[in-house]
Amino acid sequence: MLKKLVLFDIDGTLLTMSTINRSVLVDALKMVYGTAGTADTHNFAGKMDSNIIYEVLQSVGLDENCIADKFEKAKQTYIDMFRTHAKPSDVSLMAGIRELLDELSGRSELMLGLLTGNFEASGRHKLLLPEINHYFPFGAFADDGLSRNELPAVAVEKAYQLTGIKFINHDIIIIGDTEHDIACARVLNAKSIAVATGNYSTEELMQHNPHVLYENLSRTDVVLGEILRSSIN
Ligand SMILES: [Mg+2]
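If you want it as structure tokens, here you go:
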């Protein structure tokens, strides 16, 4: 019987990408808008792909309406180019991820999903390259809301549509590598597991008070035990 919903971030948590993601976004924005703004230096971590496009272009003076007019074209151009150019060698799985996903997906009491700022099409491609996409029957993506904090409720609703179960509070576990993952767990009173495999150290993440904090997710038994535990302390 399903008891818990486990939602994973992608970048910095499950895997890390080469510079291909940034270079494709830069090229796509140049093609569509004539400029990539600050995309070559912007901090993408924990942010929604949609918001990143607005931020990098607004920072060089493009106005919101101008960005919005060509947004769908820019999004599709980026996705098409990413699918064409990103190869398996551009992806590195974080330590222990394949073992952890194997273990979690074999547990009948757990449902796995994604909660990510990626657009769905490019995010799914990132998971297909190292062959871990099949672990995630559903997810909440940048396409599903205007801010990351809207995504947990989207994920819970999608899980309900698939299972008939309304997951609440600490039966929802959100695993991610940035303060934004911790913050969006708080929105639903979900349990947050922060992991320092992205751009943020354990010291930096600790300041945002996740329920649990790991250097990495390589200790499968420890992470599994934490996910299955009913209390948060
Ligand atoms: Mg991340």
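Numbered per the working numbering, the sequence shown spans residues 42 to 274.
We treat Cβ as the ideally placed atom computed from N, Cα and C, and that holds for glycine.
As the structure is a prediction and not an experimental result, all values here were calculated from the model.
Item, Value
"Leaving out five residues before and five after V65 in sequence, what residues of the same chain have Cβ atoms less than 8 Å from its Cβ?", "Y119, M122, F123, H126 and A127"
"Under 7 Å: does the beta carbon of G147 sit that close to some heavy atom of ligand 1?", "no"
"Near ligand 1, which residues have their beta-carbon closer than 7 Å to a heavy atom?", "D50, I51, D52, G53, T54, A86, G87, G217, D218, T219, D222 and G239"
"Which same chain residues, not among the five before or five after M89, have their C-beta less than 6 Å away from its C-beta?", "G158, A183 and R189"
"Expressed to the nearest angstrom, what Euclidean distance is found between the alpha-carbon atoms of E256 and N92?", "28 Å"
"Which partner residues does A181 have in the DSSP bridge list?", "L156"
"Taking the continuous beta strand (DSSP E) assigned at A235, which residues delimit it?", "K232 to V236"
"Can you pull the DSSP bridge partners for D52?", "L56"
"What do you get for H175, buried or exposed, if any count of 16 or more other CB atoms within 10 angstroms of its CB means buried?", "exposed"
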